[in-house]
Amino acid sequence: MKGWIWWIWAVFFLSSASALLEINEISYAPTDDFGGWSNEWIEIRNNGNETINFSGCFLDAKLLPPTVISPEELIIIARKPEIFQNTSSFNGTIIPLTISLTNTGDTIILDGTCSTELTYNSSLGALTNNRTLERREDNTWGESLVDGGTPGARNSIWHLRTTSPDIMISELLPNPFGADDDHLPGGEWVELFNNGSVSVDLRGALLQDQNGGKVYLADTNTLGKEGLTICPRCYLLVYRNGDSDFSLDTDYDEITLINRDQDILTRTSYSSSKEGYSWQRNGSRWTLAFPTPLAPLSDEEPCDVSLSLDGNLTSADANLPFIITATNHHPRAVNITVVGEIETGSGRVVKNYSPWTNSKIISSLYTEYSPALSADTYLVTFTVVNMSCSDTHPEDNIVQQLYLQTDQTLMPENSTLSVENINLGSDKKARWGDQLLLKLHIYKSNETKSEIRVWAEHVGKKVSKTTSFLLKEKNHFSTLTIPLQLDANCRYQYPNGSITLIVEGLGQRTEESVPIEGVSSNLCMTTIATSSATTSRTSRAAAISINMPPSIHVGDRLPVTVQVKGAVSSSAPLSYELYGYVYRGKKCYSCQNNSQDHDADTQLFLLGSAEEKEQNLFLKLDHSTAEGTYKVKIGLRQEGLKNPKETTAEVYVLPAPSPVFTTLNSSLPSSVTGLSLSATTTLPYTQSRTALPSQINQGGLVVYESTSAKAKKTIPYFLIISFALLTVGLVFFRKA
């Protein structure tokens, strides 16, 4: 009878001990910094409220010495207790036992009067990185947050989770300014938010796009309060940071967050995007707005509205036509109120305008005016005086333009061409291979010719490319800066001396002699290096190199010469799109109508395999551009490739020089303009807000016209001549 009672008591004790003892932490692959393989150890925890004796307990078939463990007490079973004590601050009970924990994984069994076990593998972490494996509150396991683990203390990941329904994608930036794969803080990024009350461990997690591209979350590509642990009501920012596999497509994509156990934590899709704007979660809706990384969506929505004026700087008609345009650069509609005025050179206001009063603007609004004005100099000003949001670029809320109303009877009878300046540097000499910048002052009279050509000759032989452009506006003055690329002369076929710069067009011709000495060795070296590099490999991508001046005045066009080499391809010629723009920060300063249309100056062309071609871009700066350093981005899209080839350079924008109407002064008396237009007179308006006639390039300037375009214009003449010849032939045939 007593034997049965003892047996029942033993079974009860065994089941109680089994339920109360648990393996809480292990160090299975310590490095030499923590004692190496000799310092393997196991932490046992009594999670009950009764004392337990280890008498009769076995660990991996090895009998444990009789040891008492109190409720919530932690004891250590160590292979080498002396080494363990040297690498930790543990001051509790240590049981010496020869144990062997494999690095790849194993099952640890505690049996006999005790019964619990743990199966682990290296995929859980803590493999030779000074960390340990710890139990979480939900009985899952993971790598410790601290080196050496937490023997004798609460586990560092006790309250952490690796999965949670409260983790969400709260914001993403699929179309940033600059390159998509820029290093942080630039480039694409995804923002995560923990909407729960428990921290979540995202070590080993990854983001995956719809094409299977992955970016793993790491300390080097994330920003947050607690590293890769995202605390309750906290954000974690994940940057692409140069990753070439993962990407956020501009048109559509689906982004999935997956933890290290391959569980899907959250998934979000989006369609379309706008450069510089992010998709932000607003409750159950998504909003396209200005980015707010590591912060909630702002209650006060920012916006960006700009004004622009378009019209001829000089007019000989009875009226002075111009167009005022308001452009909304924000995806949401806003309401604006705009007023304007026209004042004379003496400061007298002669016209007032109110084009829009609390008017809704979705994309853009424009209004045309054509006031009848007498001959004088006028300043036209328009200002945004009220709007329904907070403008992020208030400097664009005012636009000013200087106009000259003239009498056609006083305009010169014949067209004129003159070279005002040639940028030769401090030595006043050109070198072979230089790109010269010619500042031309041109007046086109009432005639039909439009083309102007610029080139260089040496002893009657052409030694440059020909730069040609069209001026279609009649009775009009223009000041243009034109690039002219001299031959490299790498083989010294032309001697030093002088070259003749020739400007011809509108029935006129002018020549300027320029001294030239030396060869641009850098250009020759660059040409050779590029050639050898491209012929030594087979690449399917095209290549570009650019040449442009280091500085430019406000109102001038920035000339950029782009050397394009087509991709190596065995197929038919490929199509390419070349584009460029000037920008600083989030704002573009050379886009049409002050918009964000970075592709406004796109040029389309075909190139055969490895074919080289030179293209010229003329980027028109906004009149409101302030002095300083700006960036120039030139890009080339190739048929069949997703991402464009882009390169970036810097240009320094100089303020506009004081307005000097030396050409007009010789033709127009001061009584006509109301101002003394001598060579030293400055108009009474600040340079920062006034666009001057000698500085502003006109709309409609054609800097390139293809052969096919010219051919299309000759079709009507060809048909007329053919019809006339046919008629004469029929008459002659009847008489015969």
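Sequential numbering from 367 applies to the sequence shown in the numbering used here. Ideal Cβ placement from N, Cα and C applies to all residues, glycine included. Predicted model, so just to flag it, every value in this text is computed and none were measured.
#1: Could you pull the start and end residues of the alpha helix (DSSP H) that P447 belongs to?
#2: Can you have a look at L1020 and say buried or exposed, based on whether 16 or more other CB atoms are within 10 angstroms of its CB?
#3: Is the stretch 498-516 close to the stretch 605-616, with three or more CB pairs under 8 Å?
#4: Return helix, strand or coil for W403, following the three-state DSSP convention.
#5: How would you call D398, buried or exposed, if buried means at least 16 neighbouring beta carbons within 10 angstroms?
#6: Does the stretch 671-680 touch the stretch 637-652, meaning 3 or more C-beta pairs lie closer than 8 Å?
#7: Should E554 go down as buried or exposed, given a rule of 16 or more other Cβ atoms within 10 Å for buried?
#8: Counting along the chain, where does the alpha helix (DSSP H) carrying L386 start and finish?
#9: Would you say R527 and V581 are within 8 Å of each other, going by their C-beta atoms?
#10: Using three-state DSSP, classify T347 as helix, strand or coil.
#11: What would DSSP say about A1015, mapped onto helix, strand or coil?
#12: Answer yes if the stretch 556-570 comes into contact with the stretch 592-604, meaning at least three C-beta pairs across the two stretches below 8 Å, and no otherwise.
#13: So does L768 have its beta carbon nearer than 7 Å to some heavy atom of the ligand MN?
#14: Whole angstroms are fine: how far does the CA of Q874 sit from the CA of T892?
#15: Classify S488 as helix, strand or coil using the three-state DSSP reduction.
#16: Please state whether the Cβ-Cβ distance between Y945 and G1001 is less than 8 Å.
#17: Closest by CA to L872, which one among N855, Y860 and N841?
#18: Using beta-carbon positions only, say whether L476 and L387 come within less than 8 Å of one another.
#19: Alpha carbon to alpha carbon, how far is K999 from W652?
#20: Is the beta carbon of E823 sitting closer than 8 Å to the one on I764?
#21: Does DSSP put I523 in a helix, a strand or coil?
#22: Please name the residue, chosen from D609, F543 and K591, that lies closest to L572 on a Cα-to-Cα basis.
#23: Candidates I410, P447, I1086 and L463: which alpha carbon is nearest P437's?
#24: May I have a chain-ordered list of the beta strand (DSSP E) segments no shorter than 3 residues that lie completely inside the stretch 588-662?
#25: Using a threshold of 8 Å, state whether the C-beta atoms of D672 and A655 are closer than that.
#26: To the nearest angstrom, how far is it from the Cα of L790 to the Cα of L940?
#27: CB V934 to CB S975, shorter than 8 Å?
#28: Starting from R714, follow the beta strand (DSSP E) in both directions and report where the run begins and ends.
#29: Count the other C-beta atoms from every protein chain shown that fall within 10 angstroms of the C-beta of K810, then say buried if there are 16 or more, exposed otherwise.
#30: Rounding to the nearest angstrom, what Cα-Cα distance links S1036 and L770 in this structure?
#31: Kindly list the residues whose CB is nearer than 7 Å to the CB of T876, restricted to its own chain and excluding five residues on each side of it in sequence; keep chain order.
#32: Excluding sequence positions up to five away, which residues of its chain have a Cβ less than 7 Å from the Cβ of T1093?
#33: Quick one: what's got a C-beta closer than 6 Å to E977's C-beta in the same chain, skipping five residues either side?
#34: Can you tell me where the beta strand (DSSP E) with V948 in it begins and where it stops?
#35: Where Q574 and R1003 are concerned, what is the direct C-alpha to C-alpha distance, given to the nearest angstrom?
#36: Could you pull the start and end residues of the beta strand (DSSP E) that C480 belongs to?
On the basis of the data shown:
#1: Residue range P447 to N452 is occupied by the alpha helix (DSSP H) that includes P447.
#2: The C-beta of L1020 has fewer than 16 other C-beta atoms within 10 Å across all chains shown, which makes the residue exposed.
#3: Flag = no, the stretch 498-516 and the stretch 605-616 do not touch.
#4: DSSP places W403 in the helix class (H, G or I) of the three-state scheme.
#5: With fewer than 16 other Cβ atoms inside 10 Å of its own Cβ, D398 counts as exposed.
#6: Between the stretch 637-652 and the stretch 671-680, the count of C-beta pairs closer than 8 Å stays below three; the two stretches do not touch.
#7: It counts as buried.
#8: Segment K368 to L386, the alpha helix (DSSP H) holding L386.
#9: A distance of 8 Å or more separates the beta carbons of R527 and V581.
#10: There is simply no residue 347 to check, as the chain begins at 367 and stops at 1102 in what is shown.
#11: Strand, per DSSP.
#12: By the Cβ criterion, the stretch 592-604 is in contact with the stretch 556-570, since at least three pairs of Cβ atoms, one from each stretch, lie closer than 8 Å.
#13: The ligand MN is not part of the structure shown, which contains no ligands of any sort.
#14: Unreliable placement is indicated for T892, whose pLDDT of 40 sits below 50; the coordinate value is still reported in the next sentence. Approximately 38 Å, taken between the alpha carbons.
#15: Secondary structure at S488: helix, using DSSP grouped into helix, strand and coil.
#16: Yes, the Cβ-Cβ distance between Y945 and G1001 is below 8 Å.
#17: That would be N841, whose Cα lies nearest to the Cα of L872.
#18: Yes. Within cutoff.
#19: Straight-line Cα distance between these residues: approximately 31 Å.
#20: Going by C-beta atoms, E823 is not nearer than 8 Å to I764.
#21: The answer is coil: DSSP assigns I523 none of H, G, I, E or B.
#22: Shortest Cα-Cα distance from L572 to any of D609, F543 and K591 involves D609.
#23: Minimum Cα-Cα distance from P437 among the listed residues I410, P447, I1086 and L463 corresponds to I410.
#24: 588-590, 601-605, 618-624, 630-637, 644-648 and 651-655, all fully within the stretch 588-662.
#25: Per the sequence shown, residue 672 should be read as Ser rather than Asp. S672 places its beta carbon 8 Å or farther from that of A655.
#26: Looking at the two C-alpha atoms, the distance is approximately 38 Å.
#27: Their beta carbons are under 8 Å apart, which means V934 touches S975 by this criterion.
#28: Counting along the chain, R714 falls outside any beta strand (DSSP E), and DSSP gives it neither H nor E.
#29: Counting other Cβ atoms within 10 Å of its Cβ, K810 reaches 16 or more and is therefore classed as buried.
#30: Because S1036 sits at a pLDDT of 37, beneath the cut-off of 50, its placement in the model cannot be relied upon, and the point is left open.
#31: Correct list, in chain order: L783, S784, V785 and V869.
#32: The beta carbon of T1093 sits closer than 7 Å to none of the beta carbons in its chain outside the five residues before and after it.
#33: Excluding residues up to 5 positions away in sequence, G932 lie with their Cβ nearer than 6 Å to the Cβ of E977 in the same chain.
#34: V948 -> beta strand (DSSP E) spans L940 to R950.
#35: Roughly 26 Å separates the two Cα atoms.
#36: Segment: none, C480 is in no beta strand (DSSP E) and carries neither H nor E.
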